[in-house]
Each structure stands twice: as structure tokens, then as C-alpha cells.
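These notes are about the structure you will find just below.
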Amino acid sequence: LELYFGNEGIGLTLGRVHINSCDFSLGNYCFDPVEEDYELDHFDMQVKRDSKALIPLIHGAQKLCRTLQLMASPWSPPAWMKISKAMNGSTKPGLRPECQDVWARYIATWISAYRQQSVKIWAVT
């Protein structure tokens, strides 16, 4: 981390974090896998999966770079929000029309959950 974010390294000040699993994840995951949970009642506000390694990594980077800004990239909605019912791959369009609102609220809820973990999101792609 020192080589990336520290004074003796290249001094990165911008990082990107994925929302849900991404191409580099060991498997697919999301924070509300409960089918048709339009109210997000089952959203994991502790973001337990990311709390194991990703959030501690971010905290380490934040200690080295107090001005670190994080950009969040939604990789895939939960499978139940997609026409294909699968997180990998998409048809066009990939998101079920009736899930547009809940997907937007999901992203906002994820940002709030990260804030509760002392990770502030600067931007969303």
C-alpha cells in the first residue's frame, strides 16, 4: 500500500471500488440476494463480504493518503434484478424495467453502508 498511496510511493489519490462482485472477484455476490426485495429489507448494511478484505484495504490506503477519493462502479445488479437472472453477462437491456428504481436505491444504500464503515464515496460511474 505504501508504494501506491504513501509519500514514498507514487502517491495515488484516487481509487475505484466495485459495488457487488466484479470480474476480479472469486465469485458472484451482492448485498441483497433476496428475490424481489424491492424495499431492500434484507440489504446487508454491514457489507460483511467487503468487510473481510476490501474495506480493511481501503482503510489502510486512507491512513496513507488522507485525501484519497473513491469512485464506486456498479458492476452488476443482483441477479433477481436482471432479465437474465444471472450476474454474469447481460442481454440488452440487462436490468428489468421494474427494477430501475430499486437498483438506484440499492446503490444509494450501498453508499450509506460504506459510509457507516468510515468509507466515503466521492463519485459513482
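Read in order, the letters of the sequence shown are residues 3 to 127 in the working numbering. The C-beta atom is built at its ideal place from N, Cα and C for all residues, glycine as well.
Within the model, the alpha-carbon separation for Ser78 versus Glu4 is close to 31 Å. In the DSSP annotation of this structure, the continuous segment of the beta strand (DSSP E) that includes Val19 starts and ends at 16 to 21. In the structure shown, Ala55 falls within a coil segment according to DSSP collapsed to helix, strand and coil. As summarised for the region 88 to 118, the continuous alpha helix (DSSP H) elements at least 4 residues long and confined to that stretch are 102 to 118, given in chain order.
A distance below 9 Å separates the beta carbons of Thr111 and Phe33. Boundaries of the alpha helix (DSSP H) harbouring Leu5: 4 to 7, taken from the DSSP string.
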